[in-house]
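This report concerns only the one structure given below.
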Amino acid sequence: MRATILGTGAIAALHADALAALSHHGIEARVTHAVDIDPGRAADFAARHGVPNHGTSLDEALADTDVLHICTPPGVHLPATLQALAAGVHVVVEKPAVLSLKEADAIAAAERSAAPARAGGGTARFTQIVQHRFGAGALRLRRLLDDGALGRPLVATCDTMWFRPPAYFDVPWRGRWDTEGGGPTMGHGIHQFDLLLAIFGEWTEVTAMAGRLAREVDTEDVSMAIVRFANGAMASVTNSLLSPRQASDLRFDTEKATIELSHVYGYSDENWTFTPLEGTDVAQLWTPEPDALPSGHEAQFVATYPALATGAPLPVTVSDTRGTLELAAAIYRSAFTGTPVRAGQIGPADPFYESMRGSGPEWRPVKDVPAHPEEAAR
Numbered sequence: 005m006r007a008t009i010l011g012t013g014a015i016a017a018l019h020a021d022a023l024a025a026l027s028h029h030g031i032e033a034r035v036t037h038a039v040d041i042d043p044g045r046a047a048d049f050a051a052r053h054g055v056p057n058h059g060t061s062l063d064e065a066l067a068d069t070d071v072l073h074i075c076t077p078p079g080v081h082l083p084a085t086l087q088a089l090a091a092g093v094h095v096v097v098e099k100p101a102v103l104s105l106k107e108a109d110a111i112a113a114a115e116r117s118a119a120p121a122r123a124g125g126g127t128a129r130f131t132q133i134v135q136h137r138f139g140a141g142a143l144r145l146r147r148l149l150d151d152g153a154l155g156r157p158l159v160a161t162c163d164t165m166w167f168r169p170p171a172y173f174d175v176p177w178r179g180r181w182d183t184e185g186g187g188p189t190m191g192h193g194i195h196q197f198d199l200l201l202a203i204f205g206e207w208t209e210v211t212a213m214a215g216r217l218a219r220e221v222d223t224e225d226v227s228m229a230i231v232r233f234a235n236g237a238m239a240s241v242t243n244s245l246l247s248p249r250q251a252s253d254l255r256f257d258t259e260k261a262t263i264e265l266s267h268v269y270g271y272s273d274e275n276w277t278f279t280p281l282e283g284t285d286v287a288q289l290w291t292p293e294p295d296a297l298p299s300g301h302e303a304q305f306v307a308t309y310p311a312l313a314t315g316a317p318l319p320v321t322v323s324d325t326r327g328t329l330e331l332a333a334a335i336y337r338s339a340f341t342g343t344p345v346r347a348g349q350i351g352p353a354d355p356f357y358e359s360m361r362g363s364g365p366e367w368r369p370v371k372d373v374p375a376h377p378e379e380a381a382r
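Using the working numbering, the first residue of the sequence shown is number 5, and each one after it goes up by one.
So, in structure tokens, the structure goes:
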């Protein structure tokens, strides 16, 4: 499988290293092209990672590519995705895949009409990076819930408490609705609440708040939500870029156990804690796998590349991507309208279908934010 990496910034290195590691798993894949609007950056990346071809033309690279890895800023994911699918090239895109539900539906339509795949069976296909789904602990917990061994899922907390200083937003595309799609809800917490959805299943209703409390950006810098799931479970979700002690914490309470994950940007089995309900016999069900891959791009590619090569079902589909994106849109809609949002409610006639900002507020300068948060928007 010949791969092209489009966009050679920091995240691209994770893709290149993970693809290089696939040989240890008996999977043949190699990066053949590095493409960037900055030719010097593309050349430096190619030299560091042993990529034989580099340049600024995606058209030229696609002519010799089986899989396109899109590592550009989110605002330009969509056109590259559509171009690759039309050329019969599979697409692996960084999160968030796109900036709106409208764009997600455009990808779904493009995948349905995609050209025959250059490699693998069927037509070209799309998948998104959600690497936290592929750690051993997450896979184990999902199996135990599917088997009913832990009883019903009941309560969860999902906290992405990260810190980004003002200088982080000096990069021109950060902190903007039109290029990043949103603040920590879209660009940071989405990893954690995607894992929450992978564990607890489909959501049905959300009530949320959002604020721009401390960073001079167009988007929010914190959001909080209460989510109800189709199975009756409930969860709280917090997404922050204002938290000096960084942590990514998830807690899952079931009828028979509490399962907790605490990490920052990635986890192994050591980051999980399993507490059985006293009087139950489920403690032995949680068996750590010290040799398993940690959550990360390598673990996701180990599951993804064989599916691309053989035409087997992908572990993360367009539908999975849309489900997580819809929760982000619902958080914004609820926060900006002050009303609960149900799954499926945001359709083409809704302003939040075309943009996560929707009909949301413009923020006052941070220095002018009054003591009462409800007065912060005008």
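Just so it is clear, CB atoms sit at the ideal spot from N, CA and C, and this is done for glycine as well. Bear in mind the structure is a predicted one, so any value in this text is a computation, not a measurement.
According to the DSSP assignment, Leu89 belongs to the alpha helix (DSSP H) that extends over His81 to Ala90.
Inside the segment 31-62, DSSP marks whole alpha helix (DSSP H) runs of 4 or more residues at positions 43-53, from first to last along the chain. The residues Tyr309, in chain order, have a CB closer than 6 Å to that of Ile31 in the same chain once the five nearest residues on each side in sequence are set aside. Between the alpha carbons of Ile194 and Gly187 lies a distance of about 10 Å.
Beyond the five residues adjoining it in sequence on each side, Tyr172 comes within less than 7 Å, by CB distance, of Arg178 in the same chain, given in chain order. According to the DSSP assignment, Asp354 belongs to no alpha helix (DSSP H), since it is labelled neither H nor E.
Between Ala239 and Ser338, the gap from beta carbon to beta carbon reaches 9 Å or more.
Cβ contact annotation for Glu259 (same chain, cutoff 6 Å, sequence separation greater than five): Gly155 and Arg156, in chain order.
Rounded to whole angstroms, the separation of the alpha carbons of Asp225 and Arg129 is 34 Å.
DSSP places Asp253 within a strand segment (E or B) once states are collapsed to three. With a cutoff of 9 Å on beta-carbon distance, Leu66 and Val306 are scored as not near each other.
For Cys162, DSSP records a beta bridge to Val241 and Leu254. Here Ile74 is actually not in contact with Val93; their C-beta atoms are around 11 Å apart, not less than 8 Å. With a cutoff of 9 Å on beta-carbon distance, Thr69 and Arg122 are scored as near each other.
Excluding five sequence positions before and after Leu312, the CB atoms of its chain that fall closer than 6 Å to its own CB belong to His94 and Gly124, given in chain order. Taking the C-beta atoms as reference points, Val71 is found nearer than 9 Å to Thr8. Thr242 is not a Cβ neighbour of Met190, given a cutoff of 9 Å.
With respect to the 9 Å criterion, Asp253 and Leu265 are classified as neighbours on the basis of their beta carbons.
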